[in-house]
Amino acid sequence: HRNLAAVQAEAADLARRYSHLVRLRVGEDESALCLTYVDCTLYRVRQGDAIGGDFSWVLVEPELEGQFTKWNNNAGAVLREQKPV
Numbered sequence: 002h003r004n005l006a007a008v009q010a011e012a013a014d015l016a017r018r019y020s021h022l023v024r025l026r027v028g029e030d031e032s033a034l035c036l037t038y039v040d041c042t043l044y045r046v047r048q049g050d051a052i053g054g055d056f057s058w059v060l061v062e063p064e065l066e067g068q069f070t071k072w073n074n075n076a077g078a079v080l081r082e083q084k085p086v
């Protein structure tokens with residue numbers, strides 16, 4: 002879980018740096034090229050009874066409003082082309 006938190010922080014930093022460079026080179030109006038990284042939270046959850054249960058880790062992120070195309074999933078599958086709506 003510590004490695005995951007470090008990777009999440011690095012990804013957020015890279016997205017901020019990339020978007021800053023886009024604004025410098027392309028201009029402030031070209032927000033379509035900028036990245037926004039969705040922050041996530043890691044929870045430690047007790048499994049079983051409250052005294053002797055094992056723990057699991059759960060990664061959650063806020064639900065986004067609007068319509069989006071999910072290009073990959075947690076199992077590693079990648080969508081190669083967008084399906085017509």
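In this note's numbering, the protein residues as written are 2 to 86. Heads up, the beta-carbon is just placed ideally off N, CA and C, and yes, glycines get one too. Small disclaimer: the values here were computed from a predicted structure and weren't measured.
Enumerate in chain order the residues of its own chain whose CB-to-CB distance from residue i is below 6 Å, with the five nearest sequence positions on each side excluded.
i	result
Val23	Leu34, Cys35
Which residues in the same chain have their Cβ closer than 8 Å to the Cβ of residue i, if we skip the five residues on either side of it in sequence?
i	result
Asp55	Arg47, Gln48, Gly49
Is the beta carbon of residue i sitting closer than 8 Å to the one on residue j?
i	j	result
Glu62	Val39	yes
Leu65	Cys41	no
Whole-angstrom Cβ separation of residue i and residue j, contact assumed at under 8 Å?
i	j	result
Leu15	Leu43	At roughly 19 Å, the Cβ-Cβ gap does not stay under 8 Å, so Leu15 and Leu43 are not in contact.
Going by C-alpha to C-alpha distance, which of the options sits closest to residue i?
i	options	result
Glu82	Val27, Glu29, Thr70	Thr70
Going along the chain, which residues of its own chain have a beta-carbon closer than 7 Å to the beta-carbon of residue i, five neighbours each way excluded?
i	result
Arg45	Phe56, Trp58
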